[in-house]
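Taking it in order: structure first as structure tokens, then the write-up.
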DNA sequence: GGTGTATTATTGAGTGCGCAATCAATGGTA
DNA sequence: TACCATTGATTGCGCACTCAATAATACACC
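Chains as they are written, first to last, in our numbering: chain A, 2 to 158; chain B, 2 to 158.
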């Protein structure tokens, strides 16, 4: 095999644009989460998903959400949410709240400590995000990225 | 919503564009990987990273790469690559090859079976990817997405 | 030619999450 | 009222990955 160009050579070029977009999405996600997670973890002891959960809850009516709904918004499975909230509950950042109307559901409720933690972390974290993106992209490109990604599965909310 | 707007309300609106792009990248990645991984797993018994590793190796000179280089391209840690290749080696899709010039390195070498597996999976998988993206985005948007993501960390290769 | 530093790869321990199974509660149907 | 399908949440199990530590080799330097 000289250089593989014959048979199974999946030459990076001939690929459909969608496939190129897809692999770049994969790589970009891996690279950016690694960077941002490390910073967030080091500075505030939160994972990205911890932060995202607090953020989503803080934005919700009354600072609380059914666990199923939180799963949908974070694009996690219900069991993933249970595990994620375990940590946040142990840390006192989120609390359980019952629902009288439907006793199957338990709300996830941000606590005051959770809101405080979020406020504490938000500025630095958003700054990191902004710096990371603006280091590589123009303002227009960032807008484009946000808009296009909003149309893809997971972005509709 | 007359609620929560006071203190820690992180209103989705006022957020910098970069932050919106970032959260959408997170959600889009979660949603698309879940969908595509399930399909790839069911139809060919490969994870996304299995597939990506085979693909990257198949494109490389001689169908092989230093493990460190593979890690860089897949945006994994070296230990992640060791574990990933364990599975592929057990399945006979990748083999180890020594390097005379530097006895620290062991190449990861796609086998014929690996190339066959890749060929077998490629069409269906790329079709899935294409269908998924084209279902939500125009050709132009897909191009934009690929181009912009190429400038972000992890996409430079 | 021996010493110190950098690089490659692996291993042990631990984490985060998905899948499938399970339990509890709800609501419709007869 | 009894039944059953549906929905919300959790649990056991397993996988894929990271981090930190380790071993082996390479190379520069005097």
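We put the CB at the ideal spot given by N, CA and C, even for glycine. This one's a predicted model, so the numbers in the text were calculated from it and none came from an experiment.
By how many angstroms is the C-alpha of residue j removed from the C-alpha of residue i?
| i | j | result |
| --- | --- | --- |
| residue 139 of chain B | residue 24 of chain A | 18 Å |
| residue 48 of chain A | residue 20 of chain B | 16 Å |
| residue 95 of chain A | residue 149 of chain B | 36 Å |
| residue 133 of chain A | residue 77 of chain B | 19 Å |
| residue 136 of chain B | residue 51 of chain A | 31 Å |
| residue 70 of chain A | residue 36 of chain B | 19 Å |
| residue 26 of chain A | residue 147 of chain B | 8 Å |
| residue 38 of chain A | residue 28 of chain B | 15 Å |
| residue 41 of chain A | residue 118 of chain B | 39 Å |
| residue 158 of chain A | residue 102 of chain B | 54 Å |
| residue 1 of chain B | residue 73 of chain B | Nothing can be reported for residue 1 of chain B, as the shown portion of chain B is limited to 2 through 158. |
| residue 31 of chain B | residue 97 of chain A | 26 Å |
| residue 93 of chain B | residue 155 of chain A | 35 Å |
| residue 53 of chain A | residue 67 of chain A | 15 Å |
| residue 142 of chain A | residue 131 of chain B | 23 Å |
| residue 152 of chain A | residue 104 of chain B | 49 Å |
| residue 88 of chain A | residue 80 of chain A | 13 Å |
| residue 121 of chain B | residue 100 of chain B | 30 Å |
| residue 129 of chain A | residue 83 of chain A | 28 Å |
| residue 55 of chain A | residue 16 of chain B | 15 Å |
| residue 145 of chain B | residue 86 of chain A | 36 Å |
| residue 91 of chain A | residue 18 of chain A | 45 Å |
| residue 22 of chain B | residue 116 of chain A | 23 Å |
| residue 75 of chain B | residue 75 of chain A | 25 Å |
Let me know the secondary structure DSSP gives residue i once reduced to three states.
| i | result |
| --- | --- |
| residue 243 of chain A | Past the edges of chain A, shown from 2 to 158, lies residue 243 of chain A, and the structure says nothing about it. |
| residue 138 of chain A | coil |
| residue 153 of chain B | coil |
| residue 148 of chain B | helix |
Unbroken stretches of the beta strand (DSSP E), 3 residues or longer, contained in the stretch 12-69 of chain B: 65-67
Using 8 Å as the cut-off, can you tell me whether the stretch 58-72 of chain B makes contact with the stretch 44-62 of chain A, which would need three or more C-beta pairs spanning the two stretches below that distance? no
In chain order, what are the residue ranges of uninterrupted alpha helix (DSSP H) at least 4 long that sit wholly in the stretch 73-133 of chain A? 79-91
Name, going along the chain, the residues of the stretch 74-85 of chain B whose beta-carbon falls closer than 7 Å to a beta-carbon of chain A. Listed by position, the residues of the stretch 74-85 of chain B near chain A (Cβ gap below 7 Å) are 76.
Contact set between the stretch 137-152 of chain A and chain B, restricted to residues whose Cβ is under 8 Å from the partner: Of all residues in the stretch 137-152 of chain A, 137, 138, 140, 142, 143, 144, 145, 146, 147, 149, 150, 151, 152 have a Cβ within less than 8 Å of some Cβ in chain B.
Pairs of beta-carbons, one from the stretch 32-45 of chain A and one from the stretch 110-126 of chain A, closer than 8 Å: are there three or more? yes
I want to know whether the stretch 99-116 of chain B touches the stretch 91-111 of chain A - three or more CB-CB distances under 8 Å. Judged by Cβ distances under 8 Å, the stretch 99-116 of chain B makes no contact with the stretch 91-111 of chain A, as fewer than three pairs qualify.
Under 9 Å (Cβ pairs) to chain B, residues found in the stretch 18-39 of chain A: 18, 19, 20, 21, 22, 23, 24, 25, 26, 27, 28, 29, 30, 31, 32, 33, 34, 35, 36, 37
In the stretch 41-55 of chain A, which residues sit with their C-beta less than 8 Å from some C-beta in chain B, listed in chain order? 49, 53
Which residues, taken in chain order from the stretch 117-135 of chain B, show a beta carbon closer than 8 Å to some beta carbon of chain A? Answer in chain order: 117, 119, 120, 123, 127, 130, 131, 133, 134, 135.
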